[in-house]
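Protein chains in written order, with the numbering used here: chain A, 1 to 509; chain B, 1001 to 1378. Positions of the beta carbon are idealized from the N, C-alpha and C atoms, including for glycine. What you are looking at is a predicted structure, and each value in this text was computed from that prediction instead of being measured. Before any comments, here is the structure.
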Amino acid sequence: MNTIINDNPLRQGMRLKRLPQPCTLIILGATGDLTKRKLIPALFSLFKQELLPQQFRIIAFARRPKTTADFVADMRQGLQEFAGIAVNDRQAEQFLALLHYHQGDFTEIEPHRQLAGVLQRYEAENGVPANRLFYLATPPSQYEAIVQNLGAAGLANSNNGWTRIIIEKPFGHDLASAMQLSGVVGGVFREEQIYRIDHYLGKETVQNILVFRFANGIFEPVWNRRYIDHVQITVAETLGVEGRGRFYEETGIIRDIMQNHILQLFSLFAMEPPAAFDATAVRDEKVKVLKAVKPLSPEDIDRKIVYGQYAAGSLLGKDLSGYLQEEGVAPDSITATYIAMKLYIDNWRWAGVPFYLRAGKRLPKRVTEIAIQFREAPLQIFGVAARDEIAANVLTLKIQPDEGISLKFDSKVPGPGGNIRPVTMDFRYGTSFGETPPDAYERLLLDAMIGDSTLFTRADENERAWEIITPALEHGQKLSVLPQYSAGSWGPAEAEELLKRDRRAWRRL
Amino acid sequence: MTGRAELQFPGISVELSRIEQEFREIWKQTTDSSNPDAVLKASTLNLVITCNTPDRLPVIFQHVPELTLHHPGRIIIVYIDRNNPSAQITATITAFCQPPRYDGKQICCELVSLETGPAGKRYLPGALLPLLLPDLPVFLWTPNNLVLHSPAFSNFHKNIERVILHSPASLPTVKALYEMAGAILKTAEMSKVSDMTWAALTGWREAIAGFFDGQNGPELLRNTSSIDIRYSGAGVSLPAHLLTGWLAFLLKWRHLSGREGEYTFITPQGRPVVVCCKPDGKAIHGKELVAVTINLEPVNGDSLVFTAEQGAENEITTIAKKDDQLIFVNKIRNPAPDEAHLLCAELDNLYEDKVYLGAVQQVYKLLTAGTDGKAEIY
């Protein structure tokens, strides 16, 4: 039974919390960190808000031999640590009673067949439709085997309900592997069943980019090359690799941040208005703008990309080791922990407007934002002295940690003099709406249960993002040494040069 | 200024003309005090609350911290004391901050209380308009439709984005229900209207709509032959009638005959549908509605019956049966309506709820047959 809610006239005008139908969530790789840190706390939060269906169950599928009681104990401890629940929290115990542990090897078909039996029995006994949501929380290397086994065990479709699959990023290691993975997953599940999750898209402020642009009449008219001088997108982290050196050696900043998070922000910021706020229209526009990105050519790649690797330094009074000294990192590693990149979009809206993108580890602040620097006023009438005081207007969409929007403009300093100073006007989510936005996973899990894929990445979008960054990946692999920057600084000097050549500068964050 | 959610009321007594200055003074004192935390004042709305019984005032004050946690802004409580012979409007103000539920950022509220006697009603619009924060939506919460349909208030109505009612669920007579529906429609001519009694029906609407979500939902809806709505209490039920009106409005049923709880409609396909609203006597967890049963004409020879029942817990159980055989059981949460939460939900919305108005219009039309056809606005 497929749900066609839109055809139901009784749904018209219904002001409801978006509630999913009764369903079962099957987390594959449930003993990993993601489940304990993010998924279970997010599901518990949905449970507390009464946003989960009444007949809802979670099956934790993992290789480790455990009983349901063992797993529940682990998750209870996880909720205490990551959701701040008290011991013997009554709601938490009600929630934990929804968990069931299913042990098995993902590479074998038999545990998948057994899982099918577990699901069928549960659904028949409780008279609930066979609505199933699979969540791949395993290392990406296991995705293909799992998908094939789910298909072989008859779990990719059901006659009496819907089946969906959520796949965690990274979706591939490069363009070729992304296409290979798409082929395997697409051979078992239809595209509309596949939900590629990039948790950035679940953030309230990321979604607010669309509302900000398309619900306000004053911004969209200036959202183009006539008024915008350039755009800076920054994803800065203070953390290093935190003991995950081996993983990071395989990944690096380009795959970890640039290919997904930054290009998601970039496409939402730069895309054309969609015809509707639905999965197809929004994702079509994102793909269109990604297709319009001017490819990085071998001739100018040195002038448009800066790589970096953090060296020893200090932050907030603590000494920090360099990347090469991290556990699991090769002593001659050329894995980038910092990247700055200049991109252009070849379309009428953005022709000639540079987009400066940067991401880095061990930077002084944890900041994610999109800063739009507007062109300066065409004529300076306030004299030579004021010329140095007047700063360009900057509109900043802050994604984290202080989610909000800020506008910088120039104002006269009170008094008889003619001094001019930039001032900022801030809107912050926390203080205007009084509520901290929900965790990104809450929103995305709920959307997947409801069947709304707007905030998930489509195959063509993912592949186009890989195409854009492939020259950066390939060029980086040819380098024998990377520019170093001190941990706790804003990146290598070469990154400053990248903008300085254009008579611009990175925003001081 | 009070700290946290401790609401000191009535606060400072001030002249009407000095309210803004006094608020400025309160905030100035706050920032000049030794408190190291800066106070960030955020406002998202104006909320005007009307009240005409003294026992409601403490209830409203209790709601204020919860309301402002989600909707910081200016709240103006208008109390019309029936026993007050004076036409003078007295004002008290207070302001307070509290941290929101999830982090330490402060949310602030300015609270104004205006009090007068019935003779002072005509001065209220002139007192209220200058107090509204500019550029922010204005909500009027008038639980019993105490919206004062007087010419003096027409100017004030122009400034209201939304009137929020909380209509009584049970009325003594059909005529009283008819008059109330008329009053709601009259209010809707001036402002967008919503009703917390309607919002409290969301779980029931969800339960009923859920029967028809499948691919063959439209076909099943066309085969509806009769609906039985049971409610607690002995009076005339607004929720039962709103559900009837809702179905008639959305499914384009035309009222054919019937009055006082039993109505026959004709569907666009020409089929008759009989809707019965019957008192059941028993109230389950204080819920107004007890059960809704939908009988369908046989489809492919099978007769279908859908039932939604208020369960023992805060949930509605939905049951589908084909030829007396169980097809499925589902549960929809239907928590006891809490006034503060319902109001918070209403403050989230600014759009016109056309479905609600459509339902009320249908109720009004249905009941015309049972009255002299003249609605009195009270």
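Item                                                                                                                     : Value
Chain A contact for I1184(B) (CB, 8 Å cutoff)                                                                            : no
Amino acids of chain A, ordered along the chain, whose beta-carbon sits closer than 7 Å to that of L1250(B)              : P9, L10 and Q12
Close Cβ partners of L1016(B) (< 7 Å) along its chain, the five nearest in sequence each way excluded                    : I1089, A1091 and A1127
L1251(B) vs P9(A) beta-carbon contact at 8 Å                                                                             : yes
Proximity winner among G360(A), G245(A) and G352(A), relative to K294(A) (alpha-carbon distances)                        : G352(A)
Entirely enclosed alpha helix (DSSP H) segments - the segment 1162-1189 of chain B, minimum 4 residues                   : 1174-1188
Alpha-carbon spacing of Q1029(B) relative to Y1079(B), whole angstroms                                                   : 29 Å
Reduced DSSP secondary structure (H/G/I, E/B, other) of P111(A)                                                          : helix
Residues bridged to E1115(B) [DSSP beta-bridge criterion]                                                                : Y1079(B) and T1090(B)
Between the CA atoms of E1206(B) and D7(A) - distance to the nearest angstrom                                            : 15 Å
CA nearest to the CA of T1202(B), picked from Q1362(B), V1355(B) and K1365(B)                                            : V1355(B)
Span separating the alpha-carbon of N1159(B) from that of D426(A)                                                        : 27 Å
Y200(A) to K38(A) span [Cα, whole Å]                                                                                     : 13 Å
Short CB-CB distance (under 8 Å) between R1004(B) and chain A                                                            : Low confidence applies to R1004(B): its pLDDT is 37, below 50, so where it sits in the model is not reliable, and the reading given next is rough at best. Closer than 8 Å: no.
Within the segment 187-230 of chain A, ranges of the beta strand (DSSP E) (whole runs, at least 3 residues)              : 194-197
Coil, strand or helix - R428(A) by DSSP                                                                                  : strand
Neighbour list for Q55(A) in chain B, Cβ cutoff strictly below 8 Å                                                       : N1330 and K1331
Close Cβ partners of E1376(B) (< 7 Å) along its chain, the five nearest in sequence each way excluded                    : Note on E1376(B): pLDDT 38, under 50, position unreliable in the model; no value is reported.
Y1102(B) versus A83(A) - alpha carbon distance                                                                           : Reliability of the predicted coordinates at Y1102(B) is poor, the pLDDT of 49 falling under 50, and the value obtained from them is presented with this limitation in mind. Each residue's Cα considered, the two are about 12 Å apart.
Nearest-angstrom Cα separation, counted from A312(A) out to E389(A)                                                      : 37 Å
F1139(B): contacting residues in chain A (beta-carbon distance under 8 Å)                                                : None at all; the shortest Cβ gap to chain A is about 15 Å.
Within 8 Å, strictly: CB atoms of A1308(B) and W1204(B)                                                                  : yes
Proximal residues of chain A, C-beta to C-beta of A1119(B) below 7 Å                                                     : The contacting residues do not exist; A1119(B) stays about 38 Å from chain A at best.
Given 8 Å, three or more beta-carbon pairs between the segment 1310-1329 of chain B and the segment 1258-1275 of chain B : no
Beta-carbon proximity of I381(A) to I339(A), cut-off 8 Å                                                                 : no
DSSP beta-bridge partners of E1110(B)                                                                                    : R1074(B) and A1095(B)
Inter-residue Cα distance where the pair is A440(A) and K203(A)                                                          : 5 Å
Residues sharing a beta bridge with P1279(B), DSSP                                                                       : Y1231(B)
Straight-line gap, I253(A) to G451(A) (C-alpha atoms, nearest Å)                                                         : 31 Å
heavy atom of the ligand SAM below 7 Å from D1135(B) C-beta                                                              : Among the components of this structure there are no ligands whatsoever, and the ligand SAM is therefore not found.
Nearest-angstrom Cβ-Cβ length linking T1044(B) and P1072(B), presumed shorter than 8 Å                                   : 6 Å
Beta-carbon gap between L1220(B) and L1296(B) smaller than 8 Å                                                           : yes
Residue environment, T1116(B), which counts as buried when at least 16 other CB atoms sit within 10 Å                    : buried
Same chain only: Cβ atoms within 8 Å of T1197(B), ignoring 5 sequence neighbours per side                                : L1165, H1166, S1167, P1168, A1169, L1238, P1239 and L1242
As assigned by DSSP and simplified to three states, the class of N1155(B)                                                : helix
Segments assigned beta strand (DSSP E), at least 3 residues, entirely inside the segment 9-68 of chain A                 : 23-28 and 56-62
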